[in-house]
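Numbering (this note's numbering), first residue to last: -7 to 279. First the structure, in the form of structure tokens, and then the observations on it.
Shown next, in the form of structure tokens:
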């Protein structure tokens, strides 16, 4: 059986990774001058508390040497590896993994490494991994799973809202004027990840609760022919379990879905989205 590897921006719980024999490459982030992510973790709740107090973490992608190091740990025991990488529209990690895979395969011609640019983020990437695991466990080989992922990755819909526009301003997503005016007026943006893997604002509403409701409204519009395939919904959040559970309850009530995975937006993406981000992930006809 082939090996699946992803990166920490998929935001999958460690319990899920361990239970399904998935390896994970950790992206690094810096908090108060300390580097975390590779062998040392910062608890998510504490991470967001620091952000609420004004601390602005920084992040870095996986470089080719780090990517090669991770792949070399696997190739002796696994001659076929399927790697899921953070969207190339948001990070250079995919390119690092691709370069590392080419180098490893040139040195060890008996191994096969397929690197997927998921064009996804957070539990959107995680849900794509989840679907791949289902296919693997159903007996599909690496080429069949990779082909399915390439054919369907643009059916992985991401709907986000954030609680603080200034985090988006710092990341270059909105202007300073928009951040100031929007904050004063209580405006909350609704964003998605587009077909190029970029985070893009697609709407705005007044008030937190309406923004959360808007995520579910977009699900009603976008899932289309995939409605009967959405047997599980993923929701991630920036230290706001109550908001995540509110979205879960709306989805349950509206669509009758009972299976959910809810977890934190990890520090890498959380550094840019900030406390209070909530994201909803599902399969749909179009992103």
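Where a beta carbon is used, it is the ideal one built from N, C-alpha and C, also for glycine. Fair warning: this is a prediction, and the values are worked out from it, not measured in the lab.
Review point. Taking the beta strand (DSSP E) that residue 180 falls in, what are its first and last residues?
Key: 179 to 185
Review point. I think residue 88 touches residue 54, with their Cβ atoms under 8 Å apart; what is that distance to the nearest whole Å?
Key: 5 Å
Exercise for review: Measure from the alpha carbon of residue 208 to the alpha carbon of each residue in 101, 220, 65, 244, then state which is nearest.
Suggested key: 244
**Study point:** Cα-Cα separation between residue 52 and residue 30, rounded to whole angstroms
**Key:** 11 Å
Review point. Fully enclosed by the stretch 92 to 118, which beta strand (DSSP E) runs are 3 residues long or longer?
Key: 104 to 109
Review point. Residue 258 and residue 69: beta carbons closer than 8 Å?
Key: no
Check your understanding: Since residue 153 and residue 182 are thought to touch, with beta carbons under 8 Å apart, how far apart are those beta carbons, to the nearest angstrom?
Key -> 5 Å
**Study point:** Alpha-carbon to alpha-carbon, residue 118 and residue 104
**Key:** 22 Å
Point to revise | For residue 36 and residue 266, the rounded distance between their alpha carbons | key: 12 Å
**Study point:** Cβ contact check for the stretch 109 to 123 and the stretch 219 to 233: 3 or more pairs under 8 Å
**Key:** yes
Review point. Using the rule of at least 16 other Cβ atoms within 10 Å of the residue's Cβ for burial, across every protein chain shown, is residue 269 buried or exposed?
Key: buried
Check your understanding: So, are the CB atoms of residue 275 and residue 221 less than 8 Å apart?
Key -> yes
Practice item. Tell me the start and end of each unbroken alpha helix (DSSP H) in the stretch -6 to 36 that is at least 4 residues and wholly inside, in chain order. Key: 6 to 11
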